[in-house]
Amino acid sequence: MKQDFFKKFVQKAAQENEQKLNAEKRKNHFKDLGRRGGLKKKSDPQLTRIISFRMTESAYQIELKKAEKVKLKLSTFARMVYHGKVLKIDEFKTDEILLEYGNNFKRIKNLLRHREWNVFSNKKKIIVEIEEIIELIRQHLYSKMNEKNK
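In structure tokens form, the structure reads like this:
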């Protein structure tokens with residue numbers, strides 16, 4: 001009887017220990033995957049070094065406004081300024097605006113093609129000019145892309 005009790009006790013302890021180990025493995029597995037699971041954590045070198053400097057309150061407020069303007073945190077913005085990458089953000093904004101203008105010109109051109117706009121006598125001339133503008137915008141954006149790729 002004592003041996004049966006002892007065997008059951010040892011088996012139960014072994015099972016509990018195995019469950020704890022499985023739970024720990026599962027926990028570590030999800031820790032490797034990240035908080036929400038799915039993708040693994042980035043293996044890129046993490047930002048570990050700190051550079052700090054002092055600035056006046058007015059300079060700080062100016063830089064904070066600039067960072068908010070490009071929708072970045074101040075530390076990220078300062079890092080980009082340090083590496084000289086801030087100008088690329090501004091270039092993207094001008095490209096974005098040009099794309100938006102191009103889309104609007106296409107919409108205007110499509111509207112002019114409808115029968116309702118037959119009132120205009122110079123409708124064809126307007127459509128040709130809009131097409132030229134769209135082509136110029138497209139050429140400008142593609143030339144910028146080609147320059148970046150070289």
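FYI, the numbering for the sequence shown is 1 to 150, going by the UniProt record's numbering.
Beta carbons: idealized from backbone N, C-alpha and C, even for Gly.
All of these numbers come straight from a predicted model, not from anything done at the bench.
Considering Cα atoms alone, identify which of the options is closest to residue i.
{"i": "Glu-57", "options": "Ile-51, Lys-65 and Ile-50", "result": "Lys-65"}
{"i": "Ser-52", "options": "Leu-74, Leu-112, Gln-46 and Glu-16", "result": "Leu-74"}
{"i": "Glu-96", "options": "Lys-123, Gln-61, Lys-125 and Lys-144", "result": "Lys-144"}
{"i": "Ile-108", "options": "Leu-98, Ser-121 and Ile-134", "result": "Ile-134"}
{"i": "His-114", "options": "Gln-139, Ile-127, Asn-28 and Lys-71", "result": "Ile-127"}
{"i": "Glu-132", "options": "Lys-106, Ser-121 and Tyr-142", "result": "Lys-106"}
{"i": "Leu-141", "options": "Tyr-101, Tyr-82 and Asn-110", "result": "Tyr-101"}
{"i": "Tyr-60", "options": "Lys-12, Gln-3, Phe-77 and Ile-50", "result": "Phe-77"}
Span of the alpha helix (DSSP H) holding residue i?
{"i": "Lys-65", "result": "57 to 69"}
{"i": "Thr-48", "result": "It is not in any alpha helix (DSSP H) - Thr-48 carries neither H nor E in the DSSP assignment."}
{"i": "Leu-74", "result": "74 to 83"}
If we call anything under 7 Å between Cβ atoms a contact, is residue i one with residue j?
{"i": "Lys-124", "j": "Leu-112", "result": "no"}
{"i": "Leu-98", "j": "Ile-137", "result": "yes"}
Using a C-beta cutoff of 7 Å, does residue i count as contacting chain B?
{"i": "Glu-100", "result": "Of the protein chains in this structure there is only one, and it is not chain B."}
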